[in-house]
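Here is the structure we will look at.
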Amino acid sequence: MIDRTNNYLWIQSIANHDIYGKLEFKIPQNKVNNYPIDELKNLNVSFVSPEDFLKVDDQTIPLFFETSYGMTPDIDIVKFIANPKFKFGVIKSSFLSGHLFGLTIKEYDSSGTESLNDIIKFS
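If you read the sequence shown in the working numbering, its first letter stands for residue 429, the second for the next number, and so on.
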């Protein structure tokens, strides 16, 4: 496998960020094979049970993986997270080449009118 970690300077940007550099991203153990783990080795990532993936706190946020064919895990899972407002990360990738375009921190808010907003993009 080709080592492409130097191609992803946005990962270093996250690590150096005052707020988001301290976060731990979590991936559900039952979906690990769907994520590009080798390319994400410089991110603060933990592998958790599906139940812990849905738990929200200030220091760990769910990390989703998106290609043109969909998202892993399915984005509809956010409706099962108990908190009415929380942040999560989405890594966008090319399905064919495997290139990672970047990571977006999003905020889901189900209090009042349901909304999904981009907070910050690293690319």
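Yeah, the Cβ is synthetic: ideal placement off N, Cα and C, and Gly gets one too.
- Take the alpha-carbon of Q457 and the one of G540: they are about 32 Å apart.
- Here E535 has K515, N545 and I547 as same chain residues with Cβ atoms under 6 Å from its own Cβ, once five neighbours each way along the sequence are excluded.
- The alpha helix (DSSP H) runs of length 4 or more contained entirely in the region 442–520 are, from start to end of the chain, 478–481.
- Contact between the region 499–512 and the region 438–449 is absent: fewer than three C-beta pairs spanning the two stretches fall below 8 Å.
- Beyond the five residues adjoining it in sequence on each side, F481 comes within less than 7 Å, by CB distance, of K454, P456 and P490 in the same chain, given in chain order.
- L437 carries a helical assignment under DSSP once its states are collapsed to helix, strand and coil.
- C-alpha of F529 to C-alpha of P464: approximately 12 Å in a straight line.
- The beta-carbon separation of T500 and N462, rounded to 4 Å, stays under the 8 Å limit for a contact.
- For G526, the three-state secondary structure derived from DSSP is coil.
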